[in-house]
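Listed in order, the protein sequences are those of chains A and B. Per this note's numbering, the first sequence starts with residue 1, numbered consecutively. Per this note's numbering, the second sequence starts with residue 115, numbered consecutively. We put the CB at the ideal spot given by N, CA and C, even for glycine.
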Amino acid sequence: DGGITQSPKYLFRKEGQNVTLSCEQNLNHDAMYWYRQDPGQGLRLIYYSQIVNDFQKGDIAEGYSVSREKKESFPLTVTSAQKNPTAFYLCASSIGLAGYNEQFFGPGTRLTVL
Amino acid sequence: AQKVTQAQTEISVVEKEDVTLDCVYETRDTTYYLFWYKQPPSGELVFLIRRNSFDEQNEISGRYSWNFQKSTSSFNFTITASQVVDSAVYFCALSAYSGGGADGLTFGKGTHLIIQP
């Protein structure tokens, strides 16, 4: 079945540690995205990528980094510079970057900083 | 800058009632796209509908219907004869392709819909 997988589902991190969230898609989509969701809030865009080896900052990129070495993979690293990393992180993909393409979402990773 | 406002934080109705979720948007772009997504308790967002700025026809899909009015910058979502399975958080979102590359979706804060049996 085609879709987006994110792992792990739950992640706990100590303050000062970097942590990497995995996102894989087998939909053959060119564009991929990372969003952050806080309780009672909408989703906010962290980073997006249109093509391999290219990515752009979204609205809240500070304290995060990404890579796009393969079309199907778009991992997100939450660095120690992120002041408040506890949140629900959602990865998405779409056929292309154009605004009319609907985005397909993964099941999410819930990150908790201890 | 783009903005999406969902003024209803939470709505609770009894099963079989009709319910409308409001969405108001702001954008300077003349070409834009509006979306509704459903987020059940599992967390994964499910795409429901897309509408472009040039198509103001209302749409009906089973118990779901959408009313797009550019004059009031609104894209409201109605569920007819609600069911318990409709309980979820619903997000309205906006995407404007400005020629230099899209920058993802701008989401509203969501409306938590509770359908009581």
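Using beta-carbon positions only, say whether residue i and residue j come within less than 8 Å of one another.
{"i": "glutamine 230 of chain B", "j": "glutamate 124 of chain B", "result": "no"}
{"i": "lysine 9 of chain A", "j": "proline 75 of chain A", "result": "no"}
{"i": "alanine 121 of chain B", "j": "aspartate 136 of chain B", "result": "yes"}
{"i": "threonine 134 of chain B", "j": "phenylalanine 182 of chain B", "result": "no"}
{"i": "lysine 223 of chain B", "j": "glycine 58 of chain A", "result": "no"}
{"i": "lysine 152 of chain B", "j": "alanine 202 of chain B", "result": "yes"}
{"i": "aspartate 132 of chain B", "j": "isoleucine 228 of chain B", "result": "no"}
{"i": "tyrosine 64 of chain A", "j": "valine 52 of chain A", "result": "no"}
{"i": "threonine 220 of chain B", "j": "glutamine 116 of chain B", "result": "yes"}
State the start and end residues of the unbroken beta strand (DSSP E) segment that holds residue i.
{"i": "threonine 137 of chain A", "result": "The requested residue 137 of chain A is not part of the displayed model; chain A covers only 1 to 114."}
{"i": "alanine 115 of chain B", "result": "That residue, alanine 115 of chain B, is in no beta strand (DSSP E); it is neither H nor E in DSSP."}
{"i": "valine 116 of chain A", "result": "What is shown of chain A runs 1 to 114, which leaves residue 116 of chain A out entirely."}
{"i": "phenylalanine 12 of chain A", "result": "10-13"}
{"i": "glutamate 24 of chain A", "result": "19-25"}
{"i": "arginine 44 of chain A", "result": "43-51"}
{"i": "glutamine 37 of chain A", "result": "31-37"}
{"i": "glutamine 122 of chain B", "result": "Where glutamine 122 of chain B is concerned, there is no enclosing beta strand (DSSP E), given that its DSSP letter is neither H nor E."}
{"i": "leucine 227 of chain B", "result": "225-230"}
{"i": "isoleucine 4 of chain A", "result": "4-7"}
{"i": "lysine 57 of chain A", "result": "54-57"}
{"i": "threonine 77 of chain A", "result": "76-78"}
{"i": "tyrosine 64 of chain A", "result": "64-66"}
Check the Cβ of residue i against every Cβ in chain C and list those closer than 8 Å, keeping chain order.
{"i": "asparagine 166 of chain B", "result": "Checking the listed chains, one finds no chain C in this structure; the protein chains it contains are A and B."}
Contacting positions in the region 187-214 of chain B - beta carbon closer than 7 Å to chain A: Phe205, Ser209, Ala210 and Tyr211
message: Can you confirm whether the region 19-35 of chain A touches the region 90-106 of chain A when touching is taken to mean that 3 or more C-beta pairs between the two stretches lie within less than 8 Å?
response: yes
- request: Tell me, please, whether the region 95-106 of chain A touches the region 138-150 of chain B by the rule of three or more beta-carbon pairs shorter than 8 Å.
  value: yes
- request: Ignoring anything shorter than 3 residues or poking outside the region 160-218 of chain B, list the beta strand (DSSP E) runs there in chain order.
  value: 160-166, 173-175, 178-183, 188-193 and 202-210
field: Contact between the region 181-193 of chain B and the region 67-85 of chain A (3+ Cβ pairs under 8 Å)
entry: no
field: Those runs of the beta strand (DSSP E) which lie wholly inside the region 128-165 of chain B and span at least 3 residues
entry: 133-135, 138-140 and 146-153
Near-chain B residues of the region 63-93 of chain A (beta-carbon distance less than 9 Å), N- to C-terminal order: Phe88, Leu90 and Ala92
field: Under 7 Å (Cβ pairs) to chain B, residues found in the region 9-24 of chain A
entry: none
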